[in-house]
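Notes follow once the structure below has been shown.
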Amino acid sequence: DSGVTQTPKHLITATGQRVTLRCSPRSGDLSVYWYQQSLDQGLQFLIQYYNGEERAKGNILERFSAQQFPDLHSELNLSSLELGDSALYFCASGGGNIQYFGAGTRLSVL
Amino acid sequence: QQPVQSPQAVILREGEDAVINCSSSKALYSVHWYRQKHGEAPIFLMILLKGGEQKGHDKISASFNEKKQQSSLYLTASQLSYSGTYFCGTEIRIKAAGNKLTFGGGTRVLVKP
């Protein structure tokens, strides 16, 4: 158990809808990272937050947004969902160089 | 840019050795190695910082050649539990970029009895 908690584990929704994925980092970690992993694909970095502030941005679509709250948990909001957004979404947290991954949220867009 | 991993896949018999390579076109600050079982979270194996020091984790070790921007992961006397997909993540230390990792496409390893 990495200590990073992601909810929900599975999410099934329809095209055009909006969903929110939640991540609670390990105790003491200030950084939260979001990744997308499509079927049999590598990990694509989306965005990083550090102590509530956006720190780095990757290939995150405009339809996607994230934030980190004062208690350091983070949410990834995905809107106007398309079939191609179906993927595993991982959150990772870290306090230094190492990133520890949560179990992921599997999103299925039908 | 995404680092390039090779090979894409490897099949081993228990007890055999394998090497996985990770190459980048950019100067690297660090290389991270993760292993992921199907449908599970990537698990951190080790991190190599600039300096070329070899690290080890059980019978899995890695090296980092910063001049060549390459890292290699060595699976020695492989065990069934080594099966999974191995990812390298590279970090380019640019202040404005945070410490984000760019992952390679992965190397699938299957260890057979």
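Protein chains in written order, with the numbering used here: chain G, 35 to 144; chain R, 989 to 1101. Yeah, the Cβ is synthetic: ideal placement off N, Cα and C, and Gly gets one too. On a predicted model such as this, the values are computed, not experimentally measured, just so you know.
Own chain residues within Cβ distance below 6 Å of residue i, not counting five before or after
i, result
"S113(G)", "R52, R97"
"L1000(R)", "A1006, S1066, V1099"
Contacts of residue i in chain R (Cβ-Cβ under 7 Å)
i, result
"S36(G)", "A1029"
"A100(G)", "Going along chain R, no residue has its Cβ under 7 Å from A100(G), so there is no contact; the nearest lies around 13 Å."
Distance between beta carbons of residue j and residue i, contact taken as under 8 Å
i, j, result
"V1099(R)", "S1071(R)", "5 Å"
"V143(G)", "T49(G)", "6 Å"
"L141(G)", "D105(G)", "The pair is not a contact, with the Cβ atoms about 24 Å apart (cut-off 8 Å)."
"T1078(R)", "L1016(R)", "5 Å"
"T1095(R)", "A997(R)", "7 Å"
"V1068(R)", "F1052(R)", "Per the sequence presented here, residue 1068(R) reads as Leu, with Val not at that position. Not confirmed; about 28 Å, so no contact."
"A100(G)", "Y123(G)", "In fact, because the Cβ distance is near 11 Å, the residues do not count as touching under 8 Å."
Cut-off 7 Å between Cβ atoms - residues of its own chain near residue i, not counting five sequence neighbours on either side
i, result
"N85(G)", "L64"
"S1011(R)", "P991, V992, Q1057, Q1058"
Proximal residues of chain G, C-beta to C-beta of residue i below 8 Å
i, result
"G1094(R)", "G76"
"K1025(R)", "Residues of chain G passing the Cβ test: none, with the nearest at roughly 11 Å."
"I1035(R)", "N131, I132"
Under 9 Å from the C-beta of residue i: neighbouring residues of chain G
i, result
"S1049(R)", "The contacting residues do not exist; S1049(R) stays about 17 Å from chain G at best."
"I1080(R)", "Here the premise fails: no neighbours, minimum Cβ distance about 11 Å."
"K1055(R)", "Under the 9 Å cutoff, chain G gives no residues; its nearest Cβ is about 21 Å from K1055(R)."
Contacts that residue i makes with chain R (C-beta to C-beta distance below 8 Å)
i, result
"G136(G)", "A1029"
Residues near residue i by beta carbon distance below 8 Å, same chain, minus five either side
i, result
"T1064(R)", "D1005, K1047, I1048, S1049"
"S61(G)", "G37"
Within-8 Å CB hit, residue i to chain B
i, result
"K1038(R)", "Of the protein chains in the structure, G and R, none is chain B."
Contact set between residue i and chain R, taken where Cβ atoms lie within less than 9 Å
i, result
"Q133(G)", "H1020, Y1022, P1030, F1032, G1077, N1087, L1089"
"F103(G)", "Result: empty, since nearest Cβ-Cβ is about 18 Å, beyond 9 Å."
At which residue ranges does the segment 73 to 118 of chain G contain complete beta strand (DSSP E) runs of 3 or more residues, listed in the order of the chain?
78 to 84, 87 to 91, 98 to 102, 108 to 112
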